[in-house]
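Trainee: Below: one structure in structure tokens.
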Amino acid sequence: MNLHTTPHNSRNSRAPRTTRRLAALAAVAAMVVAGVQAGSAVATPDDDARTTAAKPATAAALGVNPAAQRATAIKSAQAEASSAAQALKLGGQEKLIARDVIKDARGTVHTRYERTYDGLPVIGGDLVTHTTAAGKLKSVDKATDQKIAVASTTPKLKAAASARKVIFASHGGEPVLAWETVKKGVQKDGTPSRVHTITDATTGKKLHSYEAIETGTGNSQYSGEVEITTTKSDAGFELTDGERGGHKTYDLNQGSSGTGDLVTDDDDTWGDGTGDDRQTAAVDAHYGAAKTWDFYKTALGRDGIAGDGKAAYSRVHYGENYVNAFWDDSCFCMTYGDGEGNKNALTSIDVAAHEMTHGLTSATANLDYAGESGGLNEATSDILGASVEFFADNASDAGDYLIGEKIDINGDGTPLRYMDQPSKDGNSADFWDENLGDLDVHYSSGVANHFFYLLAEGSGKKTINGVEYDSPTSDGSTLTGIGREKAYQIWYKALSVYMTSTTDYAGARVATEKAATDLFGADSEELKAVSATWTGVNVK
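So the number in the numbering used here is just where the residue sits in the sequence shown, counting from 1, plus 1061.
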């Protein structure tokens, strides 16, 4: 259903040449994989039973690094990279490249490195060191414990001209010299495709492949009149957010490549709340990006997706009748289709937050988009997408743990996915088993999504915002939730300083237990809850 809202006049913001608009957002419908709704819950007896052993952590505890300080810290870490390699007893042909540095409130410095061998990138060679404020190495988390070495860096097999020579050390096997090729194309639903394939440079055996375009289908929802930040230009106004890294929103005009046209307006009155007005989708995307940026900044202490204070950009009106949205690292951008009939753009807050969080994951743990790590990648976008929607606190949309409940995709009033019991969608997994990595990443994410629900809300029957839930555990245990805020803080801390590209579910348990210890203490109820919840989804 499309809703019309009356445009309002803009008011000045404090930023020079920047105005804020109350703009109407469209009510659009589509499939959602991109974000669990998490609004303010109506208190019930079950809600009141949550653990209140400690207040949620501050953003500083997660590690606040303003962009300028982060750049200086990375530069310093790179200057000391040789010493770090020696301390880790790496081989003489191995070098470290500093990617990120986070200093938390305890004074611990977490430095994330990529690795090269004889000048070649090592896929699966990333690691994170954890040092005291005095510079003493406390511990290290590695994507692989294998020694990085190959007999020769001269391949026996030739490859395409565009192939990249690498060392492949991922997924627990012995490191091998390999070729990485990228095949571009289009997926069945019209989504761009960028398939990376790793091939043994000696035998020609295919070692690994993954799709680099990370997608999430979404249920855009009516958000009413919202505040957005625009910029005054010579010709009028443009969708450039000078308060959030210069985020821009472009119109692809139903194209499928390039940047498109920057969205502009004569009088700073944007959209009419319907899919017939092309500005409406742009406003939706612009608003979602702003809310996600604000959440990262306020709740996580993170200065943008990559932590460098620079914004990604949004592209709307992609393709014809395109029912999807996606994140693309190569352009550092979010892209949104218009849905069936080009009237139902996939540009809601949860979709925007989901796609932007793929970028955040890439900038932190860089979880491989395949197998169990791929499921954790997708779940991270769902988890932080849920948290952003809760943070946005839009009065028109009460939060719930049902995904796609408003689009009636099944034709019987049921939602697309259920976070309290993912298997109710017929595809997703509730609990871990040894075959989980064989599932599509959107379905293997169910275990982590279930973990997050249980950690936040607890098991059993409860009613939140009028929706009834009944969440099971694999061992029949009864779990008490610690609240959404603590739950997302633990997940983000684990992602940003303990997970690596190859982290699987067992590794995610270890990472979140470390994060809970850092944030709440080794004897905390929060740590006990994390451990019990992982056991409750059969991750032991």
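For glycine and all other residues, C-beta sits at the position ideal for the given N, C-alpha and C. Quantities reported herein were computed from a predicted structural model and do not represent experimental measurements.
#1: Between G1168 and the rest of its own chain, which residues show a CB-CB distance below 8 Å, the 5 nearest in sequence each way excluded?
#2: Under the three-state reduction of DSSP, which class applies to V1412: helix, strand or coil?
#3: Output yes or no for whether 9 Å exceeds the beta carbon distance between L1188 and Y1553.
#4: Using 8 Å as the cut-off, can you tell me whether the region 1403-1416 makes contact with the region 1363-1372, which would need three or more C-beta pairs spanning the two stretches below that distance?
#5: Less than 8 Å between the CB atoms is what I'm expecting for T1205 and A1230, so what's the real figure, rounded?
#6: Compute the Euclidean distance between the alpha carbons of L1181 and K1226, then round it to the nearest angstrom.
#7: What residues are listed by DSSP as bridge partners for K1293?
#8: May I ask which residues mark the beginning and end of the alpha helix (DSSP H) holding I1444?
#9: Between K1203, S1200, K1219 and V1237, which lies nearest to S1042 when the distance is taken from Cα to Cα?
#10: Once the 5 residues before and after H1269 are set aside, which same chain residues still bring their CB inside 6 Å of it?
#11: Check R1305 in the structure and name its three-state DSSP category.
#12: Could you name each continuous alpha helix (DSSP H) segment of 4 residues or more that falls completely within the region 1364-1399, going from the start of the chain to the end?
#13: Extract the residue ranges of the beta strand (DSSP E) inside the region 1176-1229, only unbroken runs of 3 or more that lie entirely within it.
#14: Roughly how many whole angstroms lie between the Cα atoms of D1337 and F1393?
#15: Given a cut-off of 9 Å on the beta-carbon distance, is the pair I1228 and G1152 in contact?
#16: Using a threshold of 9 Å, state whether the C-beta atoms of R1545 and A1413 are closer than that.
#17: Tell me the DSSP secondary structure of E1141 in three-state form.
#18: May I have the straight-line CA-CA distance separating F1491 from A1146, to the nearest angstrom?
#19: Tell me the residue span of the beta strand (DSSP E) that contains H1257.
#20: Tell me which same chain residues have a C-beta within less than 6 Å of the C-beta of R1478, skipping the five on either side of it?
#21: Check each candidate in M1395, D1364, D1202 and G1234 and name the one with the smallest Cα separation from T1561.
#22: Beta-carbon within less than 7 Å of G1432's beta-carbon, same chain only, minus the 5 sequence neighbours each way: which residues are those?
#23: Residues in the same chain with beta-carbon distance under 6 Å from Y1374, minus the five sequence neighbours each way, listed in chain order, please.
#24: Can you tell me whether K1164 is buried or exposed? The criterion is at least 16 other CB atoms within 10 Å of its CB, across all chains shown.
#25: Under 9 Å, do T1564 and A1572 count as touching if we go by C-beta distance?
#26: Roughly how many angstroms lie between the CA atoms of Q1207 and T1578, to the nearest whole one?
#27: I'd like to know if the region 1375-1387 and the region 1312-1322 are in contact, where contact means that at least 3 CB-CB pairs between them fall below 8 Å.
#28: Go through the region 1485-1547 residue by residue and report every complete run of the alpha helix (DSSP H) that reaches 4 residues or more, in order.
#29: Looking at C-alpha atoms only, which residue of G1297, A1138, S1144 and H1171 is the closest neighbour of L1556?
#30: Whole angstroms is fine: what's the gap from F1581's alpha carbon to A1548's?
#31: Measuring CA to CA, which of V1183, A1166 and A1132 is closest to L1157?
#32: How far does the beta strand (DSSP E) with R1570 in it reach, from first residue to last?
#33: How long is the line joining the alpha carbons of L1149 and Q1139, rounded to whole angstroms?
#34: May I have the straight-line CA-CA distance separating G1246 from K1522, to the nearest angstrom?
#35: Can you grab the Cα-Cα spacing for the pair G1297 / T1330, in whole Å?
#36: Keeping to the same chain, check which residues put their C-beta closer than 7 Å to that of A1115; ignore five residues upstream and five downstream.
Mentor: Working from what's here:
#1: T1193 and A1194
#2: helix
#3: no
#4: no
#5: 5 Å
#6: 7 Å
#7: F1298
#8: G1432 to A1453
#9: Outside the shown range of the chain, which is 1062 to 1601, sits residue 1042, and nothing can be said about it.
#10: I1259
#11: coil
#12: none
#13: 1181-1184, 1188-1192, 1198-1203 and 1225-1229
#14: 28 Å
#15: no
#16: no
#17: coil
#18: The displayed chain sequence assigns Asp, not Phe, to residue 1491. Spanning the two alpha carbons is a distance of roughly 41 Å.
#19: P1253 to D1261
#20: I1464 and D1486
#21: D1202
#22: G1498
#23: K1309 and C1394
#24: buried
#25: yes
#26: 28 Å
#27: yes
#28: 1502-1505 and 1507-1518
#29: H1171
#30: 12 Å
#31: V1183
#32: Unbroken run through R1570 is the alpha helix (DSSP H), Y1566 to F1581; no beta strand (DSSP E).
#33: 15 Å
#34: 46 Å
#35: 11 Å
#36: F1581, S1585 and E1587
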